[in-house]
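Student:
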Amino acid sequence: MEERIPRHVSIIMDGNGRWAKARGKERVQGHIEGVESVRACVEAAAEEGVEFLSLYAFSEENWNRPAEEVSALMDLMMLSIRREVGSFVKNGIRCIVLGNRSRLSEKARSAIEGMERETAGGGRMTLVVFLSYSGKWDILQAAQKAAAAHPEGLDSLTQEDFSSYLVTAGIPDPDLLIRTSGEQRISNYLLWQCAYTEFLFTDVLWPDFRKEEFRSALREYAKRDRRFGKVK
Ligand code: FPP
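Numbering of the sequence shown is given in our numbering, commencing with residue 87 and proceeding in unit increments.
Here it is in structure tokens:
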């Protein structure tokens, strides 16, 4: 059988806190270990020929976590960005960050812009990090942009036109969405873009989700029968 590799794999990385708690550690230790899973999945995705890997790193709702956890997570993400940028460039990985940047600190914004500039030439795989993102926020900002661009009215706007105002413009919709840690919900993630996405829920906590788990998810995807609402 021909192996079907999804073009775009997206992951809701969940369970860092529970992983830490089960080991009597601080939550931040779960996030630190989670970064190792990010690295493993980026490597595995590139090795398997996935074109787009996207990760839900921080939701708009996550701003409501205790201030110490928010700042620890931001520090960790900025540190990881600085640390990984060389390896992204070496391995042809373009990395972009999508979300509501107005809520990020000036320091975080400039670290992100630097990384996007340095990795812009990467042609092997695109890594999309969703940061300060929510699906409803994305749809609303797209509606506002569309209205501003079409003062004559939106009557002739197509779905394709509308997609071009989402922050994911130019990125194919996810073929496969993985959520770790046993939770089975979309949590305000890519609401418009997941219309026909295959969902895969696993009990594995994010810090334990490494290359073998990623490859196993791709095998499961290859078995799915995608009909897009049609009869085959
Ligand atoms: C969910 O676990 C995880 C997060 C909210 C943060 C994920 C972020 C990282 C692993 C860092 C990513 C780094 C880069 C460079 C992209 P949780 O805290 O909700 O766990 P719980 O549900 O068990 O409490």
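Every residue, glycine too, gets a C-beta built ideally from N, C-alpha and C.
Note the first and the last residue of the continuous alpha helix (DSSP H) segment covering E192.
Tutor: One-based indexing of the sequence shown puts residue 192 at position 106. Note, E192: alpha helix (DSSP H), E192 to T205.
Student: Just to confirm, is the Cβ distance from L213 to L139 under 8 Å?
Tutor: Reading the sequence shown from its first residue, position 127 is the one you call residue 213. Reading the sequence shown from its first residue, position 53 is the one you call residue 139. Cβ atoms of L213 and L139: closer than 8 Å.
Student: Quick one, which of Q279, T288 and R296 has its alpha-carbon nearest H94's?
Tutor: Locating residue 94 in the sequence shown gives position 8, where the first residue counts as 1. Of the listed residues, the one whose Cα sits closest to H94 is Q279.
Student: Does DSSP put M87 in a helix, a strand or coil?
Tutor: Position 1 of the sequence shown, counting from 1, holds the residue named residue 87. With a pLDDT of 45 at M87, under the threshold of 50, the modelled position of this residue cannot be trusted, and the question is left open.
Student: Less than 8 Å separating the beta-carbons of V253 and L184?
Tutor: Within the sequence shown, residue 253 is the residue found at index 167, counting from 1. Within the sequence shown, residue 184 is the residue found at index 98, counting from 1. Yes, the Cβ-Cβ distance between V253 and L184 is below 8 Å.
Student: Buried or exposed: where does N102 fall if 16 or more other Cβ atoms within 10 Å of its Cβ makes it buried?
Tutor: In the sequence shown, the residue the question calls residue 102 occupies position 16. It is buried - the Cβ of N102 has at least 16 other Cβ atoms within 10 Å.
Student: Give the secondary structure of M211 by DSSP, where H, G and I count as helix, E and B as strand, and everything else as coil.
Tutor: As a working mapping, residue 211 is identified with position 125 in the sequence shown. M211: strand per DSSP, three-state reduction.
Student: In the region 88-127, which residue ranges form an unbroken beta strand (DSSP E) of at least 3 residues, counting only runs that do not cross its ends?
Tutor: 94-98
Student: Note down the Cα distance separating G366 from R125, rounded to an integer number of angstroms.
Tutor: The chain is shown only over 87 to 318; residue 366 falls outside these bounds and no answer can be derived.
Student: Shorter than 7 Å, the distance from the beta carbon of I225 to the closest heavy atom of the ligand FPP, or not?
Tutor: Stepping through the sequence shown from its first residue, residue 225 is reached at position 139. No, since every heavy atom of the ligand FPP falls outside the 7 Å radius drawn around the Cβ of I225.
Student: Whose C-beta lies closer than 6 Å to the C-beta of K231 among residues of the same chain, with five residues either side of it excluded?
Tutor: Looking up residue 231 in the sequence shown gives position 145. So the list reads Y251, once near-sequence residues are dropped.
Student: Could you check which residue in E112, L141, E129 and A108 has the C-alpha nearest to that of L263?
Tutor: One-based indexing of the sequence shown puts residue 263 at position 177. Checked all of E112, L141, E129 and A108; the closest Cα to L263 is L141.
Student: Mapping the DSSP letters down to three states, classify R312 as helix, strand or coil.
Tutor: Counting from 1 along the sequence shown, the entry for residue 312 is found at position 226. In this structure, R312 counts as coil in the three-state DSSP scheme.
Student: Considering only residues of the same chain and omitting the five flanking positions on each side of A104, which have a CB-CB separation below 8 Å?
Tutor: Translated into the one-based positions of the sequence shown, residue 104 becomes position 18. One detail in the question is off: residue 104 reads as Arg in this sequence, not Ala. Cβ neighbours of R104 beyond the five flanking positions: G116, S267 and L291.
Student: Please say whether L226 and F144 have beta carbons closer to each other than 8 Å?
Tutor: The sequence position of residue 144 within the sequence shown is 58, counting from 1. The sequence position of residue 226 within the sequence shown is 140, counting from 1. Not in contact: F144 and L226 (Cβ atoms no closer than 8 Å).
Student: So the alpha helix (DSSP H) L159 belongs to, where does it begin and stop?
Tutor: Position 73 of the sequence shown holds residue 159. That run of the alpha helix (DSSP H) goes A153 to K176.
Student: Just list the residues that DSSP pairs S140 with in beta bridges.
Tutor: Residue 140 sits at position 54 when you count from the first residue of the sequence shown. Its beta-bridge partners are S96 and V214.
Student: So T205 packs on V171, CB below 8 Å; how close in whole Å?
Tutor: For the purposes of this step, residue 205 is taken as residue 119 along the sequence shown, with counting starting at 1. For the purposes of this step, residue 171 is taken as residue 85 along the sequence shown, with counting starting at 1. That belief holds up - the Cβ atoms of T205 and V171 are roughly 7 Å apart, short of 8 Å.
Student: Whole angstroms are fine: how far does the CA of K297 sit from the CA of A131?
Tutor: For this step, residue 131 is matched to residue 45 along the sequence shown. For this step, residue 297 is matched to residue 211 along the sequence shown. Taking the straight line joining both Cα atoms gives about 9 Å.
Student: Any heavy atom of the ligand FPP closer than 7 Å to the beta-carbon of I179?
Tutor: Within the sequence shown, the letter at position 93 stands for residue 179. For the ligand FPP, not one heavy atom lies less than 7 Å from the Cβ of I179.
Student: Out of curiosity, what's the CA-to-CA distance linking V317 and L240?
Tutor: Within the sequence shown, residue 317 is the residue found at index 231, counting from 1. Within the sequence shown, residue 240 is the residue found at index 154, counting from 1. One C-alpha to the other measures close to 32 Å.
Student: Rounding to the nearest angstrom, what Cα-Cα distance links S196 and M163 in this structure?
Tutor: Looking up residue 196 in the sequence shown gives position 110. Looking up residue 163 in the sequence shown gives position 77. Between S196 and M163, the C-alpha separation is close to 13 Å.
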